[in-house]
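Q: Shown below is the structure under consideration.
2 protein chains.
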Amino acid sequence: MPVLPEGQRAAELQPPVRAIDWVPVAGAPRLTLSSCELLREIQILDEYGDRRIIHIPAERPLTVFVDKRELVTLMTLGACPELLVLGYLHNQRLIARVQEVESVTVDWDVGAAAVRTHQGVQDLAAKTARRVVTTGCGQGTVFGDMMAQLDTVALPDARTARIRQSTLHRMLETMRQQDSIHRKAGSVHGCALFCGGDMLMFVEDVGRHNAIDTIAGWMALHGVAGGDKAFYTTGRLTSEMVMKSAQLGVPIIVSRNGVTAMGHELASRLGMTLFGRAANKHFLCYSGLERFDSEPEPQRTPVRVVAG
Amino acid sequence: MPVLPEGQRAAELQPPVRAIDWVPVAGAPRLTLSSCELLREIQILDEYGDRRIIHIPAERPLTVFVDKRELVTLMTLGACPELLVLGYLHNQRLIARVQEVESVTVDWDVGAAAVRTHQGVQDLAAKTARRVVTTGCGQGTVFGDMMAQLDTVALPDARTARIRQSTLHRMLETMRQQDSIHRKAGSVHGCALFCGGDMLMFVEDVGRHNAIDTIAGWMALHGVAGGDKAFYTTGRLTSEMVMKSAQLGVPIIVSRNGVTAMGHELASRLGMTLFGRAANKHFLCYSGLERFDSEPEPQRTPVRVVAG
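Chains C and S supply the protein sequences, listed in that same order.
In terms of my numbering, the first sequence is residues 1195 to 1502.
In terms of my numbering, the second sequence is residues 1195 to 1502.
Here it is in structure tokens:
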């Protein structure tokens, strides 16, 4: 299993993870890339009484050990578990900088991710004591510590971090053309990081919380700032999705799906721009109009309502 | 706020919860029914530059206190928090019988659910020590204890617990006609409990884990057995959904959505019957064919693929 060198091309990562060239930050942890099957064939019976073979996404437990201490078990597709673990630790505020981590090693034979830190995690027990069960398609536990830190979120103002309708269209067209596990097998969520309409990274997982955590891990590993970026997610714009995006400093989120009240409240409070029901040239801008340069479509067509 | 008497009609519960007449089991806890807004109006800007008012589902934190000790914070629509809390405690195996609970009182002014037990919860700390972050649209934490108890699951055999294709059609037609928050606002998941094609209960929440927990609370409160029942869910058939259904003794699950590998594995191992992509007269039977009486459709029409 190759060790991630500087400048490795994302193409060497197994699908569905896609990313631009890497240049890890100085002192970045060693990530030994693991590999596993992402699709499984099963036989089904349909309404016509026909038996057919279809593909479904893999889903496997990954138990995370930090300095040999069990932290959590994540259910994941397994496309990029090292970045997922790194992003999980980062989003849960268990680490402040990736440099605190010496290495992340995943062993699928035992479904374990071994995280080695240089100096241990401060107050690990305390930081993981409280839990909030969130709405979002999956992540679920958001330690109380994270909620507390929301007020420290600082996003770039609306003059510097904006998005044009034409740029939004480019994002949606890119997603429309993106090959994906979802197309082959459904039942996964995708998340992508964009900069000015260009996709920097795309990842799918059985839980969209994993997808954004994986992108968070990629951003942290390479010191990628969020201020001039936008997220695309196939999942709903829940409080959790908004909080994670805010933590990463990304002020704009685009979703194929809808919004929940907490997601809307948080985004409004934090000055984030949310687009939902976004597909083809359709979208609804829920919040943060001040960051949006509207370039209205000339002719009316009915808005396609995607199941929330 | 009325106290739930024997025989209260579910019609008195606020939508979107629907259920048949209640007869709580002897020694059932007192549930004081709370009430809150389930929809919120927000103004959006669409692709044509038009500002419109739309509805989005409410989402609020509910912090559960068991005998004054904080247990967890659930993000919920708030349609039926008392049953949600009861079902959560039950599904997390924090209580074995509802009779252990004296009362559940929700105060939305402070977003708290006060659970009073008769004799306290055994080993509360130990039972909530480990966590598994699951795939499913939301629940997230499934305490390790629950995983351990999977092997104790006993479902009725395939001779006694079966489903005919025509019964499946009745379920899908009932769901198609069901009025819902989803229709008005999207972004919620629905879950329904069926017996022989008749809907016993339907509930929606921002996380489908909450929806099934609420039904679990309703079943526990009324001593409703799961062996002759079937679940309908709008969410994916993940390991979590399958585990919860198994815990409740319900051997058949129907989903508008797809299946993940762990969900499929668990269902196959437990002898449960899973139907996915189920809408109108279409479906895929993923597992547990031995419980299914196929009545093939005469003429072929393309299977509608619902986003997973």
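The beta-carbon is built from N, C-alpha and C at its ideal position, and this holds for glycine as well.
Please read these numbers as outputs of a predicted model, since none were measured by experiment.
Restricting to Cα atoms, I'd like to know which of C/Leu1478, C/Ala1455, C/Leu1464 and C/Ala1273 is closest to S/Arg1234.
A: Ranking the options by Cα distance to S/Arg1234, first place goes to C/Ala1455.
Q: Expressed to the nearest angstrom, what Euclidean distance is found between the alpha-carbon atoms of S/Phe1469 and S/Asp1407?
A: In a straight line, the C-alpha of S/Phe1469 is about 20 Å away from that of S/Asp1407.
Q: For S/Arg1356, which three-state DSSP category applies?
A: Of the three classes helix, strand and coil, the one that applies to S/Arg1356 here is coil, per DSSP.
Q: Hey, could you find the ends of the alpha helix (DSSP H) C/Glu1241 is sitting in?
A: Where C/Glu1241 is concerned, there is no enclosing alpha helix (DSSP H), given that its DSSP letter is neither H nor E.
Q: Using a Cβ-Cβ distance cut-off of 8 Å, determine whether S/Leu1483 contacts chain C.
A: It does; some Cβ of chain C falls within 8 Å.
Q: Should S/Gln1313 be labelled buried (16 or more other beta-carbon atoms within 10 Å of its own) or exposed?
A: When all chains shown are included, S/Gln1313 counts as exposed.
Q: Just mark C/Thr1354 as buried or exposed, buried being the case when its beta carbon has 16 or more other beta carbons within 10 Å.
A: Looking at its Cβ environment, which holds fewer than 16 other Cβ atoms inside 10 Å, C/Thr1354 is exposed.
Q: Hey, is C/Glu1235's beta-carbon within less than 8 Å of any beta-carbon in chain S?
A: Taking Cβ atoms only, chain S never reaches closer than 8 Å to C/Glu1235, which makes this a no.
Q: What residue range does the beta strand (DSSP E) around C/Ala1472 cover?
A: Counting along the chain, the beta strand (DSSP E) containing C/Ala1472 begins and ends at Thr1467 to Ala1473.
Q: Against C/Lys1475, what residues of chain S qualify as contacts under a CB-to-CB distance less than 9 Å, listed in chain order?
A: Under the 9 Å cutoff, chain S gives Glu1241.
Q: By the three-class DSSP mapping on this structure, what secondary structure does S/Leu1483 have?
A: Three-state result, S/Leu1483: helix.
Q: Tell me whether the beta-carbon of S/Ile1357 lies closer than 8 Å to the beta-carbon of S/Ala1424.
A: Going by C-beta atoms, S/Ile1357 is nearer than 8 Å to S/Ala1424.
Q: Check the Cβ of S/Tyr1480 against every Cβ in chain C and list those closer than 7 Å, keeping chain order.
A: Near S/Tyr1480 (Cβ distances below 7 Å), the residues of chain C are Ile1236 and Ile1238.
Q: What separation, rounded to the nearest whole angstrom, lies between the Cα atoms of S/Pro1199 and C/Arg1246?
A: Residue placement at S/Pro1199 is poorly supported in this model, since its pLDDT is 39, which falls under 50; the coordinates are not used for a value here.
Q: Report the three-state DSSP secondary structure of S/Ser1439 (helix, strand or coil).
A: DSSP places S/Ser1439 in helix when its eight states are reduced to three.
Q: Let me confirm a value: S/Ser1481 is counted as buried when at least 16 other C-beta atoms fall within 10 Å, else exposed. Which label applies?
A: The residue in question, S/Ser1481, is buried, as its Cβ has 16 or more Cβ neighbours within 10 Å.
Q: Strictly under 8 Å for the Cβ-Cβ distance: is C/Val1418 near chain S by that measure?
A: It does not; no Cβ of chain S falls within 8 Å.
Q: Suppose you measure from the CA of C/Asp1422 to the CA of C/Cys1389; what does that come to, to the nearest Å?
A: Cα to Cα, the separation comes out at about 6 Å.
Q: Which one or two residues does DSSP pair with C/Met1393 in a beta bridge?
A: Answer is C/Phe1388, bridged to C/Met1393.
Q: By Cβ distance, which residues of its chain are closer than 7 Å to S/Val1382, with the 5 residues on each side in sequence left out?
A: Correct list, in chain order: Pro1251, Leu1271, Ile1375, His1376, Glu1398, Asp1399 and Val1400.
Q: Nearest by alpha-carbon distance to S/Asp1303: which of S/Leu1387, S/Leu1431 and S/Glu1231 is it?
A: That would be S/Glu1231, whose Cα lies nearest to the Cα of S/Asp1303.
Q: Who are the Cβ neighbours of C/Leu1442 in its own chain at under 7 Å, not counting the five residues just before and after it?
A: Around C/Leu1442: Ala1410, Met1413 and Gly1420.
Q: Could you check what DSSP says for C/Lys1423 in three-state terms: helix, strand or coil?
A: The answer is strand: DSSP assigns C/Lys1423 an E or B state.
Q: S/Ala1410 lies in the alpha helix (DSSP H); which residues open and close that run?
A: That run of the alpha helix (DSSP H) goes Arg1402 to His1416.
Q: Alpha carbon to alpha carbon, how far is S/Leu1277 from S/Thr1427?
A: If I take the Cα positions, the gap works out to 18 Å.
Q: Whole angstroms are fine: how far does the CA of C/Ala1472 sit from the CA of C/Ala1307?
A: Approximately 35 Å between the Cα atoms of the pair.
Q: Go through its chain and collect everything with a Cβ distance to S/Ala1386's Cβ below 6 Å, but skip five positions before and after it.
A: Excluding residues within five positions, the ones whose Cβ falls inside 6 Å are Met1393, Phe1396 and Tyr1426.
Q: Identify the contact partners of C/Ala1273 in chain S, using a Cβ-Cβ distance below 7 Å as the criterion.
A: Result: empty, since nearest Cβ-Cβ is about 13 Å, beyond 7 Å.
Q: Expressed to the nearest angstrom, what Euclidean distance is found between the alpha-carbon atoms of S/Gly1417 and S/Pro1350?
A: Their Cα atoms are separated by approximately 17 Å.
Q: Taking 8 Å as the threshold (beta carbon to beta carbon), is C/Met1340 in contact with chain S?
A: Because the pLDDT at C/Met1340 is just 49, under 50, the model does not fix this residue reliably, and the point stays unresolved.
Q: Quick check on C/His1284: does DSSP put it in helix, strand or coil?
A: It is helical.
Q: By Cβ distance below 8 Å, which residues in the same chain neighbour S/Phe1477 in space, the five residues on each side in sequence not counted?
A: Excluding residues within five positions, the ones whose Cβ falls inside 8 Å are Leu1362, Leu1366, Val1448, Phe1469, Gly1470 and Arg1471.
Q: Please confirm if C/Arg1430 has its CB atom under 8 Å from at least one CB of chain S.
A: Yes - at least one Cβ of chain S is within 8 Å of the one on C/Arg1430.
Q: If we ignore side chains and look at the alpha-carbon of each, how far apart do S/Ala1352 and C/Thr1368 end up?
A: Approximately 47 Å, taken between the alpha carbons.
Q: In terms of residues, what are the limits of the beta strand (DSSP E) holding C/Ala1307?
A: Unbroken beta strand (DSSP E) run through C/Ala1307: Ala1306 to Thr1311.
Q: With distance defined between alpha-carbon atoms, name the residue in S/Glu1241, S/Val1279, S/His1458 and S/Thr1432 nearest to C/Met1269.
A: Here the closest residue by C-alpha is S/Thr1432.
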